[in-house]
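Working notes, structure below.
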Amino acid sequence: MQIVNRNVKAIRWFINTQLLGKWYNVAYATFKVTSRCNLRCTFCNPSYYSGTLEEGSTEQLKKVIDNLRSSVIVLSFEGGEPTTRPDILELLKYAHDGSFYVMLTTNGYKLNDAEFLSKLAERIDFLHYSIDEYHWNVKALDSLCKFREYGLKVNVQTVVTRYNIHTLEEKVRKVRECGYKILLMPAVDYPDSKVKLAPDRELYFRTLSYLKRKYGSTLNNSWGFIKALGGELPKKLTSYAITVYPNGDLPYPDDINGEIIGNLSRNRLEDLLNSKRAQYLREKMLENSARYEYLHLQTASFNNIRDLADYVREMSKWAFTGRA
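Numbering (the UniProt record's numbering), first residue to last: 1 to 324.
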C-alpha cells in the first residue's frame, strides 16, 4: 500500500477544493472507534455512549484506516471514550505513519497512567482533552500543564451549553497559562437528547467574539467559524468533514441528518463519495442547507482562502512550537 505524505495530501486538497471547486473533498475524519464510555453526559448523542453501535475488530478498523489514507489529512480518534478499547494504542500507532495528522479525543479516562501517556506521545500529533462541567475531571484544569512533560500538544475541548456559557473565560485563561489551545463547541440538541442544552446562538456568537479578541490563538475556534455563527453567509457550502462509525459505516453527509452510504472497512472513501447516492445526498444538502448547519459551521474556516490561511497559520504555530 502506497503511503501519501499528509502535507502532500494537504496541498492536493487545497488545489482541488480552493482552485478546482471540488467542495466535497474530505480533509477531516472523526473516527468513532467505540460507542462505549465511562460517562453519561447529557449533551452527548446517546448512541455514542450506550455501546449500542456495532464495534469493529482491530483488523476491521485497520482496514478503515487504510481506506481513508489516500485522501483524509486529519484523523481524529473519538468515541464514546476511545481509551476504553484495549487496542487503542495499536490503532493509533498504525495510523501514525506520516499519512495523517492523528488526534485523540478523550475525557481523561487513562491520562493518569504515566506509561500510557509515554506511549501516547509517540503515536499522536495532538491530544484533545474534553473537560466539561458535567465530567468528573473538571478539576483537571488545575494540573493541566503536566502534559508538557510528555511532549503532548494539548487542545482542551469544552461543550458550551446554555448553563455554562457565562463561566468560560476562567477556563480559557487557565488553558492559556499552559500555552495550550481550547475549542469551545456548542452543545447540539440531538433528536434523542434527554435534556436540551444548546446555547443561545447570539449569546454564543458574542461570547466567542469577545474571547477570540482577548485571547487570540488560544481559542481554537476560527474567525471563519465565529463569523458563520454570526450570520455571515459562506461563499459556498462545503462538505470537508465526515464521521465514521465504530463498525466502519459512513453516514453522509453528516451523522445527524445523513444516511449510511457504505462501509469503509470494505470500500475506499473516494469510491463512496463518488457514488451516485453520495452525489444525490449532496444535492439534497444544498437544497436544504439549514438542516446541515452544524456541518457547515465545522468547516467554516475553509470557505475562503483568507479564513483558511488564518487557520493554517494558527495551527502551524501550534504544531511546530507546541504552544498556542
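Even glycine gets a Cβ: it sits at the ideal position worked out from N, Cα and C.
Everything numeric in this text was worked out from a predicted model, so none of it was measured.
Next item on the list: Check each candidate in Phe126, Arg6, Arg213 and Ala187 and name the one with the smallest Cα separation from leucine 68.
Entry: Arg6
Next item on the list: May I have the straight-line CA-CA distance separating glutamate 259 from valine 172, to the nearest angstrom?
Entry: 36 Å
Check: DSSP on arginine 162, reduced to helix/strand/coil?
Finding: coil
Check: On the premise that isoleucine 131 lies in contact with threonine 158, defined as a C-beta separation below 8 Å, what is that separation, rounded to the nearest angstrom?
Finding: 6 Å
Next item on the list: Buried or exposed for isoleucine 226, please, with buried defined as at least 16 other CB atoms from any protein chain shown within 10 angstroms of its CB.
Entry: Buried, since its Cβ has 16 or more Cβ neighbours within 10 Å.
Notebook entry, point to check: Nearest to arginine 40 by alpha carbon, out of Leu272, Tyr215, Val195 and Gly224?
Noted result: Val195
Margin query: At the level of alpha carbons, what is the spacing between glutamate 90 and glycine 151?
Written below: 20 Å
Item checked: Within 8 Å, strictly: CB atoms of valine 74 and methionine 103 -> yes
Checklist line | Rounded Cβ spacing between threonine 58 and aspartate 87 (contact assumed at less than 8 Å) | finding: With a Cβ gap of about 5 Å, threonine 58 and aspartate 87 count as contacting.
Checklist line | Close beta carbons around arginine 282, own chain, < 8 Å, minus the five adjacent residues each side | finding: Only Tyr24, Ser239 and Pro253 meet the Cβ criterion.
Item checked: histidine 128 - partner residues in DSSP beta bridges -> The partner list for histidine 128 (beta bridge, DSSP) reads Thr105 and Asn155.
Margin query: Using only the alpha-carbon positions, how far apart do tyrosine 215 and serine 209 sit?
Written below: 10 Å
Notebook entry, point to check: The beta strand (DSSP E) spanning threonine 243 covers which residue range?
Noted result: 241–244
Next item on the list: Could you spell out the range, first to last residue, of the beta strand (DSSP E) harbouring leucine 250?
Entry: 249–252
Item checked: Cβ shell of tyrosine 109 (< 7 Å), same chain only, five flanking positions each side left out -> Asn38, Glu81, Thr83 and Thr84
Checklist line | Host alpha helix (DSSP H) of glycine 224 (start-end) | finding: 223–229
Notebook entry, point to check: So the beta strand (DSSP E) asparagine 263 belongs to, where does it begin and stop?
Noted result: 259–263
Check: Quick one: what's got a C-beta closer than 7 Å to alanine 140's C-beta in the same chain, skipping five residues either side?
Finding: For alanine 140, same chain residues with a beta-carbon under 7 Å away, outside a window of 5 residues either side, are Gly108 and Ile131 in chain order.
Next item on the list: Quick one: grab the DSSP three-state call for proline 86.
Entry: In this structure, proline 86 counts as coil in the three-state DSSP scheme.
Item checked: Inter-residue Cα distance where the pair is lysine 93 and lysine 174 -> 31 Å
Notebook entry, point to check: So is isoleucine 242 buried or exposed if we call it buried at 16+ other beta carbons inside 10 Å?
Noted result: With 16 or more other Cβ atoms inside 10 Å of its own Cβ, isoleucine 242 counts as buried.
Notebook entry, point to check: Any idea if serine 143 is buried or exposed, counting beta-carbon neighbours within 10 angstroms, 16 or more meaning buried?
Noted result: exposed
Note to self: Tell me which residues share the same chain as isoleucine 3 and place their Cβ nearer than 8 Å to its Cβ, disregarding the 5 neighbours each side in the sequence.
What the structure shows: Excluding residues within five positions, the ones whose Cβ falls inside 8 Å are Arg69, Asp97, Gly98 and Ser99.
Check: Among the residues of its own chain, which have a CB less than 6 Å from the CB of aspartate 125, if the five just before and after it don't count?
Finding: Annotation for aspartate 125: Tyr101 and Val102 place their beta carbon closer than 6 Å to its own, counting only its chain and skipping 5 residues before and after.
Margin query: Starting from valine 74, trace the beta strand (DSSP E) in both directions and tell me its first and last residue.
Written below: Taken as a continuous stretch (DSSP letters only), the beta strand (DSSP E) holding valine 74 covers 74–78.
Checklist line | Exposure of histidine 296, with buried meaning 16 or more beta-carbon neighbours within 10 Å | finding: Any reading at histidine 296 must be qualified, since the residue scores a pLDDT of 48, below 50, and its modelled position is unreliable; the value itself is stated next. Counting Cβ neighbours within 10 Å, histidine 296 comes out buried, since at least 16 surround it.
Notebook entry, point to check: Run through DSSP, which three-state label would isoleucine 65 get?
Noted result: helix
Item checked: alanine 95 in three-state terms, based on DSSP -> helix
Check: Under 8 Å, do arginine 176 and threonine 218 count as touching if we go by C-beta distance?
Finding: Cβ distance < 8 Å, so arginine 176 and threonine 218 count as in contact.
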